[in-house]
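Heads up: the structure comes next, in structure tokens.
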Amino acid sequence: GSEASVRVGLRNLALSAGFALDVLRRASPATVKPYGQVRDLLARFAQVDVERDLLGTLSGDATISAPPDLGSVTLRATAADPEALRSALQRLVRIGRLAGVAGSLGLGVDTGGIGLRETAQDTYEVTREDTPIAVLGLRENVLILSSDPGTDVDAAVDALPEAPGDPGVKGALRATLTSAALGDLLVDRLGIPATARSFLASAGDPLLTGRAELSSLLLGLDVPLSR
296 GSEASVRVGL RNLALSAGFA LDVLRRASPA TVKPYGQVRD LLARFAQVDV
346 ERDLLGTLSG DATISAPPDL GSVTLRATAA DPEALRSALQ RLVRIGRLAG
396 VAGSLGLGVD TGGIGLRETA QDTYEVTRED TPIAVLGLRE NVLILSSDPG
446 TDVDAAVDAL PEAPGDPGVK GALRATLTSA ALGDLLVDRL GIPATARSFL
496 ASAGDPLLTG RAELSSLLLG LDVPLSR
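With positions in the sequence shown counted from 1, the corresponding number in my numbering is that position plus 295.
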């Protein structure tokens, strides 16, 4: 595959995900309401606690990467307890399509037809209405999750780094992206004047860092002015 244009490193994915969920619950309860419904459904009928049995096992470093067209996202995370994670995944497979379970029990929960099926040992397809939309694989203590269902799990394990980057960078987040990718984000997504692309074309690859304080989230963006 092509080289990633965006790469994000996270220290302790479980802690970062928990922080993000807590922020969303406080700032926009309606946004996380569907997540809460599915979480409760899984806890009741699959005996899977999403935050404990899935996210909670991923307490090591994680890397998130995206290709130049930003058409997919791949996560590589380290599981502290891969056996617990494997057990939770197997329980999810056994309940079949979540939408079918919800509908047959009259729960009135719309899960969008999301399901999980095992295609090979420790390799799974995430499906929507039986169509693959993502791939997930567990290799020893490494979890790979990609929104591109054609991703080769074993190749992703080898291609993505184990650590989020320079250990000297303060904070849990460290992201690198090409100047072209930053230009696309600023101009196409945020409406910044197109002249930003010309400036970034002569700059080096930007570095984004971030850390959470008790009352704030601090972000820093460094853009080298020459290569």
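Don't be surprised by glycine CBs; every beta carbon is placed ideally from N, CA and C.
The alpha helix (DSSP H) enclosing E413, as first and last residue numbers: Translated into the one-based positions of the sequence shown, residue 413 becomes position 118. Counting along the chain, no alpha helix (DSSP H) covers E413; the unbroken beta strand (DSSP E) around it starts and ends at I409 to A415.
Same chain, Cβ closer than 6 angstroms to N307, neighbours up to 5 away in sequence not counted: Taking the sequence shown and counting its residues from 1, the one referred to as residue 307 is at position 12. If we look at N307 and ignore the five residues flanking it on each side, its Cβ neighbours are S354.
Validate contact between the region 316 to 328 and the region 372 to 389 using beta carbons, cut 8 angstroms, 3 pairs: No, because fewer than three Cβ pairs between the region 316 to 328 and the region 372 to 389 fall closer than 8 angstroms, the two stretches do not touch.
Same chain, Cβ closer than 8 angstroms to Y419, neighbours up to 5 away in sequence not counted: Position 124 of the sequence shown, counted from the start, is the residue given in the question as residue 419. Correct list, in chain order: L384, V388, L411, R412, E413, V430, L431 and G432.
Beta-carbon proximity check, S367 vs T422, cutoff 9 angstroms: Locating residue 367 in the sequence shown gives position 72, counting from the first residue. Locating residue 422 in the sequence shown gives position 127, counting from the first residue. Going by beta carbons, S367 and T422 fall outside the 9 angstroms limit.
Simplified DSSP state of P329, which is helix, strand or coil: Your numbering for residue 329 matches position 34 in the sequence shown. Reduced to three states, the DSSP call for P329 is helix.
As assigned by DSSP and simplified to three states, the class of V430: Numbered from 1 along the sequence shown, position 135 holds the residue referred to as residue 430. Of the three classes helix, strand and coil, the one that applies to V430 here is strand, per DSSP.
Limits of the unbroken alpha helix (DSSP H) element including A315: Translated into positions along the sequence shown, residue 315 becomes position 20. Boundaries of the alpha helix (DSSP H) around A315: L308 to A322.
Minimum C-alpha distance to A415 - residue among D425, T426 and R434: In the sequence shown, the residue the question calls residue 415 occupies position 120. When each option's Cα is compared against that of A415, the closest is R434.
For R339 and R301, the rounded distance between their alpha carbons: Indexing the sequence shown from 1 puts residue 301 at position 6. Indexing the sequence shown from 1 puts residue 339 at position 44. Here residue 301 is Val; the residue named in the question, Arg, does not match the sequence. The straight-line gap separating the alpha-carbon atoms of V301 and R339 is approximately 37 angstroms.
Sequence-distant residues of the same chain with beta carbon closer than 6 angstroms to A372, five excluded per side: For this step, residue 372 is matched to residue 77 along the sequence shown. Once the five neighbours on either side are set aside, the close Cβ partners of A372 are L308, L353, A357 and L438.
V343 beta carbon less than 9 angstroms from that of L349: Position 54 of the sequence shown, counted from the start, is the residue given in the question as residue 349. Position 48 of the sequence shown, counted from the start, is the residue given in the question as residue 343. Between L349 and V343, the C-beta spacing is below 9 angstroms.
Where S323 falls, given that 16 or more other Cβ within 10 Å makes a residue buried: For the purposes of this step, residue 323 is taken as the residue at position 28 of the sequence shown. It is exposed - the Cβ of S323 has fewer than 16 other Cβ atoms within 10 Å.
Chain-order list of residues whose beta-carbon lies under 6 angstroms from that of L440 (same chain, five-residue window excluded): For the purposes of this step, residue 440 is taken as residue 145 along the sequence shown, with counting starting at 1. Same-chain partners within the cutoff: L370 and L431.
DSSP-derived helix/strand/coil call for G445: Working through the sequence shown from its first residue, we reach residue 445 at position 150. Coil at G445, not helix or strand.
Residues that DSSP places opposite S360 in a beta bridge: The residue given as residue 360 occupies position 65 in the sequence shown. Looking at the DSSP assignment, S360 forms a beta bridge with R302 and T369.
Euclidean distance between Cα positions of E346 and P427: Walking along the sequence shown from the start, residue 346 turns up at place 51. Walking along the sequence shown from the start, residue 427 turns up at place 132. Near 24 angstroms, if we compare the C-alpha coordinates of P427 and E346.
Counted within 10 angstroms of its Cβ, other Cβ atoms place V318 as buried (16 or more) or exposed: The sequence position of residue 318 within the sequence shown is 23, counting from 1. Exposed, because fewer than 16 other Cβ atoms sit within 10 Å of the Cβ of V318.
Start and end residues, alpha helix (DSSP H) containing E424: Walking along the sequence shown from the start, residue 424 turns up at place 129. No alpha helix (DSSP H) holds E424; DSSP gives it neither H nor E.
Alpha-carbon to alpha-carbon, G313 and D417: Within the sequence shown, numbered from 1, the residue matching residue 417 stands at position 122. Within the sequence shown, numbered from 1, the residue matching residue 313 stands at position 18. In a straight line, the C-alpha of D417 is about 25 angstroms away from that of G313.
Top-ranked residue by Cα proximity to A379, from Q332, A451, I390 and N436: Here residue 379 refers to the residue found at position 84 of the sequence shown. Per the Cα distances, N436.
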